[in-house]
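J.: First residue of the sequence shown? That's 59 in our numbering, and the numbers climb one at a time after it.
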Amino acid sequence: MLRTRVITALILAPGIIAAIYLLNTTALGAVLAIFTGLAAWEWGLLAGMQSTTLRLTYVCAALLVTLLLWIIGMATAVLWLLVLVWITALVAVLTWPESGSWIAKPVVVGSIGLLVLAGVVIALLTVHQLPSGPHWLLFGLLICWAADIGAYFAGKAFGRHKLAVEVSPGKTWEGAMGGLLLALAVCSSILVYEGVFDWIWIPVLALLVAISIIGDLFESLLKRASGIKDSGSLFPGHGGVLDRIDSILAVAPFYALWLLGALVVLQQPV
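As structure tokens, this is what we get:
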């Protein structure tokens with residue numbers, strides 16, 4: 059399993075990095091639309107859409123919502139709306155299984171999916187078009203990747219205390235701490251190397267790692283509610299698209315808002 063995960067990651071990473079640096083924001087949006095469609099296909103199943111027609115309709119709806127929100131220039135409003143969505147997701151995770159009475163309803167899952175999938179594209183494109191945007195976009199992805207890798211290996215080696223046993227029995231506090239430490243080490247080192255490190259980044263990185271865990275747990279909650287083990291099987295060793303991007307879905311809007319704040323309010327270079 060680990061070997062398969064590593065091979066898949068090594069194949070995907072160069073393509074992702076190339077897209078970030080070689081494509082303009084519009085072209086990158088077209089690439090992200092492909093992944094949005096694939097993710098929406100999987101999310102439709104989480105929302106109880108069994109028929110192909112329903113799920114294709116949901117895919118089209120997700121793409122249309124994303125396009126319209128981007129065209130009419132509602133990026134900041136959408137990002138703040140996503141903050142509320144992820145606070146709701148956190149409440150659902152903390153109160154599961156009681157929260158299943160409202161969060162697991164198909165119309166709720168479907169509506170959240172439209173907002174989350176549109177929101178992550180808008181967040182990523184917002185970051186990409188900032189000054190030095192490609193660098194900051196890759197840095198945001200590195201936060202999630204480092205947290206995932208650290209959590210995986212620390213959980214395997216030291217995992218004893220369950221993080222959210224009712225939602226995802228395999229996740230542990232030790233794994234979460236490993237993810238936090240690796241993300242802090244990797245990302246702080248990059249910031250120092252680039253000459254843009256500030257101590258404010260430590261709590262920001264810690265918060266973003268915590269948010270990445272919420273994204274992971276929320277997808278696990280939805281899979282548990284719908285009786286699905288993996289959202290898909292597109293990526294060998296990783297599962298489906300949602301299994302690969304669950305943490306990014308949650309982190310992206312918060313990360314974009316932080317960078318916008320650092321640029322506009324704090325007047326710090328980004």
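Glycine included, C-beta positions come from ideal geometry on N, C-alpha and C.
Rounded to a whole number of angstroms, what is the C-alpha to C-alpha distance between TYR251 and ALA264?
T.: What you label residue 251 is simply residue 193 of the sequence shown in a count that begins at 1. What you label residue 264 is simply residue 206 of the sequence shown in a count that begins at 1. Taking the straight line from one Cα to the other gives about 19 Å.
J.: Count the other CB atoms, across all protein chains shown, that sit within 10 Å of the CB of TRP99; report buried if there are 16 or more and exposed otherwise.
T.: In the sequence shown, the residue the question calls residue 99 occupies position 41. TRP99 comes out buried.
J.: With distance defined between alpha-carbon atoms, name the residue in THR94, VAL143, ILE130, LEU126 nearest to TYR116.
T.: For this step, residue 116 is matched to residue 58 along the sequence shown. If we check each option's Cα against that of TYR116, THR94 comes out closest.
J.: Please report the Cβ distance between PHE276 and ALA150, rounded to the nearest whole angstrom; I am assuming they are in contact, meaning their Cβ atoms lie under 8 Å.
T.: Looking up residue 276 in the sequence shown gives position 218. Looking up residue 150 in the sequence shown gives position 92. So it is a contact: roughly 7 Å between Cβ atoms.
J.: Report back the beta-carbon spacing between LEU266 and PHE312 to the nearest angstrom; my notes put them in contact at under 8 Å.
T.: Numbered from 1 along the sequence shown, position 208 holds the residue referred to as residue 266. Numbered from 1 along the sequence shown, position 254 holds the residue referred to as residue 312. Correct: roughly 6 Å between the Cβ atoms.
J.: Give a yes or no on whether 7 Å exceeds the smallest Cβ distance from THR230 to chain D.
T.: As a matter of chain content, chain D is missing from the structure shown, which is built from one protein chain.
J.: Distance, Cα to Cα, LEU173 vs LEU140?
T.: Translated into positions along the sequence shown, residue 173 becomes position 115. Translated into positions along the sequence shown, residue 140 becomes position 82. Cα to Cα, LEU173 sits roughly 7 Å from LEU140.
J.: Within its chain, find whatever has a CB closer than 8 Å to the CB of CYS245; leave out the 5 residues flanking it on each side and keep chain order.
T.: Position 187 of the sequence shown, counted from the first residue, corresponds to residue 245. Counting only Cβ-Cβ distances below 8 Å, and skipping sequence neighbours, we find PHE197, LEU200, ILE201, ALA204, TRP259, LEU263.
J.: When the distance is taken between beta carbons, is ASP304 closer than 7 Å to GLY273?
T.: As a working mapping, residue 273 is identified with position 215 in the sequence shown. As a working mapping, residue 304 is identified with position 246 in the sequence shown. Closer than 7 Å, so yes.
J.: Suppose only complete runs of 4+ residues qualify. What are the alpha helix (DSSP H) ranges in the segment 94-152, listed by chain order?
T.: Complete alpha helix (DSSP H) runs here, min 4: 110-129, 133-152.
J.: Measuring straight from C-alpha to C-alpha, what distance separates VAL254 and ILE170?
T.: For this step, residue 254 is matched to residue 196 along the sequence shown. For this step, residue 170 is matched to residue 112 along the sequence shown. The straight-line gap from Cα to Cα measures roughly 35 Å.
J.: Is it buried or exposed for TRP128, if we count other Cβ within 10 angstroms and need 16 for buried?
T.: Indexing the sequence shown from 1 puts residue 128 at position 70. Under this definition TRP128 is a buried residue.
J.: Can you find the residues in the same chain that come closer than 8 Å, C-beta to C-beta, to MET107, ignoring five residues on each side of it along the sequence?
T.: Taking the sequence shown and counting its residues from 1, one reaches residue 107 at position 49. Answer for MET107: ARG113, TYR116, PRO164, GLY168, listed in chain order.
J.: With a cut-off of 8 Å on the beta carbons, I'd call GLY87 and LEU183 a contact; round off their distance for me.
T.: Numbered from its first residue, the sequence shown carries residue 87 at position 29. Numbered from its first residue, the sequence shown carries residue 183 at position 125. With 8 Å as the limit, GLY87 and LEU183 qualify as a contact, their Cβ atoms being about 5 Å apart.
J.: Which ranges does the alpha helix (DSSP H) cover as unbroken runs of at least 4 residues, wholly within the segment 206-269, from first to last along the chain?
T.: As far as the segment 206-269 is concerned, its whole alpha helix (DSSP H) runs of at least 4 residues are 231-252.
J.: How is the alpha helix (DSSP H) around PRO351 delimited, first residue to last?
T.: Examination of residue 351 is not possible in this model, given that the chain is present from 59 through 328 alone.
J.: Quick one: what's got a C-beta closer than 6 Å to ILE306's C-beta in the same chain, skipping five residues either side?
T.: On the sequence shown, residue 306 is found 248 positions in, with the first residue counted as 1. Closer than 6 Å at Cβ, skipping near neighbours: CYS202.
J.: What are the start and end residues of the alpha helix (DSSP H) that includes GLY158?
T.: Here the question's residue 158 lines up with position 100 in the sequence shown. Run containing GLY158: 158-161, per the alpha helix (DSSP H) assignment.
J.: Suppose the cutoff is 8 Å on Cβ atoms and the five residues either side in sequence are ignored; what does the same chain contact list for VAL89 look like?
T.: Along the sequence shown, one-based indexing puts residue 89 at 31. Excluding positions up to five away in sequence, the list reads ALA77, LEU81.
J.: Alpha carbon to alpha carbon, how far is LEU221 from ALA209?
T.: Here the question's residue 221 lines up with position 163 in the sequence shown. Here the question's residue 209 lines up with position 151 in the sequence shown. One C-alpha to the other measures close to 12 Å.
J.: List the whole-angstrom C-beta distance separating TRP144 from ALA308, where the pair is believed to meet the contact cut-off of C-beta under 8 Å.
T.: Position 86 of the sequence shown, counting from 1, holds the residue named residue 144. Position 250 of the sequence shown, counting from 1, holds the residue named residue 308. Contact flag correct, Cβ pair sits at about 5 Å.
J.: Using DSSP with H/G/I as helix, E/B as strand and the rest coil, what is LYS287?
T.: By one-based count along the sequence shown, residue 287 stands at place 229. It is coil, neither helix nor strand.
J.: Using 7 Å as the threshold, is the C-beta distance between VAL225 and TRP154 below it?
T.: Here residue 225 refers to the residue found at position 167 when the sequence shown is read from its first residue. Here residue 154 refers to the residue found at position 96 when the sequence shown is read from its first residue. Yes, these two residues count as a Cβ contact at 7 Å.
J.: Report the option in ALA162, GLY217, VAL299 whose CA atom is closest to the CA atom of GLY285.
T.: Position 227 of the sequence shown, counted from the start, is the residue given in the question as residue 285. GLY285 has its Cα closest to that of ALA162, out of ALA162, GLY217, VAL299.
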